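Notes follow once the structure below has been shown.
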Amino acid sequence: MTTRRWQLAHKCHLDLGEKAIVVGILNVTPDSFSDGGLFITPDQAVAQAHRMVEEGAAVVDIGGESTRPGASPVTLEEEQARILPVIAALASSGEALISVDTYREETARLAVAAGAHIVNDVWGLQREPGIARVAAETGAGLVIMHTGRGRQKLPDVIADQFLFLKASLEVARRSGVADDHIVLDAGFGFAKETAEENLDLMARFSELKELGFPLMAGTSRKRFIGTVTGREAGARAAGTVATSVILRLKGADLFRVHDVAINVDALAVADAMLAREKPGR
3 MTTRRWQLAH KCHLDLGEKA IVVGILNVTP DSFSDGGLFI TPDQAVAQAH
53 RMVEEGAAVV DIGGESTRPG ASPVTLEEEQ ARILPVIAAL ASSGEALISV
103 DTYREETARL AVAAGAHIVN DVWGLQREPG IARVAAETGA GLVIMHTGRG
153 RQKLPDVIAD QFLFLKASLE VARRSGVADD HIVLDAGFGF AKETAEENLD
203 LMARFSELKE LGFPLMAGTS RKRFIGTVTG REAGARAAGT VATSVILRLK
253 GADLFRVHDV AINVDALAVA DAMLAREKPG R
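This note's numbering puts the first residue of the sequence shown at 3, with every later residue one more than the last.
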């Protein structure tokens, strides 16, 4: 695989391609679908961040509002009160790169000021486009996620990815975000209502490489894994690992997961196999 440097805030970077990068999910929320309420205080959240880093996470992705279907929205003030102390504490330790999971321009700006390196927008810059200006002005890495929420999707799963993500990339470029700051996320589970739609997206995931950007996969504990395995959300680690390996073989660079250690090990095996497949061996 070709190595590409992802430029991040605070003069940091990640090299993507040769090795899968694991991003640990840290939900500082009472109502997230599988871990709501477990890490709601700053001390609990920081302790979990430390555990994920020890298990091999290169990035910790911190969010203060649940994105599960039907979740109650939180105010700007509540979101910031939940996540900013955690970001500041983790940044002071310097042990991990920090991503903020938000679609709000103001929260993103404050999070980067507090020490976050990456802004992860689940609305793909199409809810608060000003979030792209934050990335451009601060030099933050930017994860642009596909979603089908709030609009009519195209029937072809990949055609809809291209339609949405190309519009998002245009927002980023108009705001001055350089290409080497951008990662794309296919948005598994976000208005992909059936297991079949998510499995089709997995099967055709390599087609997204035509967009020309590094790719993130976020399948962790998602409902479609439960449909396939019959497992409840907290028991979907093995199913998640299977999707991580499949998506690594199809070209994903980063993997956003709840269960860090098991995904790190599985992806190390996938990387070792990919290395053996290099031309000339």
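No residue lacks a Cβ here, since even glycine has one placed at the ideal position from N, Cα and C.
Predicted model, so just to flag it, every value in this text is computed and none were measured.
Cβ-Cβ separation, residue j to residue i (assumed contact under 8 Å), whole Å
{"i": "residue 321", "j": "residue 98", "result": "No answer is possible for residue 321: the residues shown for the chain start at 3 and end at 283."}
{"i": "residue 89", "j": "residue 63", "result": "Between residue 63 and residue 89 the Cβ distance is about 11 Å, and since that is not below 8 Å, they are no contact."}
{"i": "residue 262", "j": "residue 59", "result": "5 Å"}
CB of residue i within 8 Å of CB of residue j, strictly
{"i": "residue 253", "j": "residue 190", "result": "no"}
{"i": "residue 145", "j": "residue 187", "result": "yes"}
{"i": "residue 86", "j": "residue 108", "result": "no"}
{"i": "residue 149", "j": "residue 197", "result": "no"}
{"i": "residue 101", "j": "residue 30", "result": "no"}
{"i": "residue 255", "j": "residue 23", "result": "yes"}
{"i": "residue 143", "j": "residue 119", "result": "yes"}
{"i": "residue 5", "j": "residue 17", "result": "yes"}
{"i": "residue 204", "j": "residue 248", "result": "yes"}
{"i": "residue 225", "j": "residue 231", "result": "no"}
{"i": "residue 213", "j": "residue 276", "result": "no"}
{"i": "residue 127", "j": "residue 134", "result": "yes"}
{"i": "residue 264", "j": "residue 209", "result": "no"}
{"i": "residue 11", "j": "residue 140", "result": "yes"}
{"i": "residue 222", "j": "residue 258", "result": "yes"}
{"i": "residue 215", "j": "residue 243", "result": "no"}
{"i": "residue 266", "j": "residue 57", "result": "yes"}
Local Cβ density within 10 Å of residue i, reported as buried at 16 or more and exposed below that
{"i": "residue 271", "result": "exposed"}
{"i": "residue 81", "result": "buried"}
{"i": "residue 154", "result": "exposed"}
{"i": "residue 156", "result": "exposed"}
{"i": "residue 170", "result": "buried"}
{"i": "residue 110", "result": "buried"}
{"i": "residue 106", "result": "buried"}
{"i": "residue 246", "result": "buried"}
{"i": "residue 44", "result": "buried"}
{"i": "residue 152", "result": "exposed"}
{"i": "residue 236", "result": "exposed"}
Contacts around residue i, its chain only, beta-carbon distance under 6 Å, and the 5 residues preceding and following it disregarded
{"i": "residue 9", "result": "15, 182, 183"}
{"i": "residue 69", "result": "124"}
{"i": "residue 113", "result": "89, 102"}
{"i": "residue 84", "result": "30, 66"}
{"i": "residue 129", "result": "105"}
{"i": "residue 194", "result": "200"}
{"i": "residue 278", "result": "none"}
{"i": "residue 51", "result": "28, 62, 92"}
Residues near residue i by beta carbon distance below 8 Å, same chain, minus five either side
{"i": "residue 131", "result": "173, 177"}
{"i": "residue 7", "result": "15, 16, 17, 18, 182"}
Contacts around residue i, its chain only, beta-carbon distance under 7 Å, and the 5 residues preceding and following it disregarded
{"i": "residue 241", "result": "227, 230, 231, 233"}
{"i": "residue 137", "result": "121, 144, 179, 183"}
{"i": "residue 199", "result": "159"}
{"i": "residue 165", "result": "156"}
Short CB-CB distance (under 8 Å) between residue i and chain C
{"i": "residue 277", "result": "Considering every chain present, this structure includes no chain C. It has just one protein chain."}
heavy atom of the ligand ADP below 7 Å from residue i C-beta
{"i": "residue 198", "result": "This structure lacks the ligand ADP, and indeed carries no ligand of any kind."}
> Which whole runs of the alpha helix (DSSP H) in the stretch 212-254 are 4 residues long or more, in chain order?
Replying inline: 225-231, 239-251
> Going along the chain, which unbroken runs of the alpha helix (DSSP H) with 4 or more residues stay wholly within the stretch 72-139?
Replying inline: 78-95, 107-116
>> Threshold first: 4 residues or longer. Then list the alpha helix (DSSP H) segments lying entirely within the stretch 134-214, N to C.
In response: 159-176, 197-205
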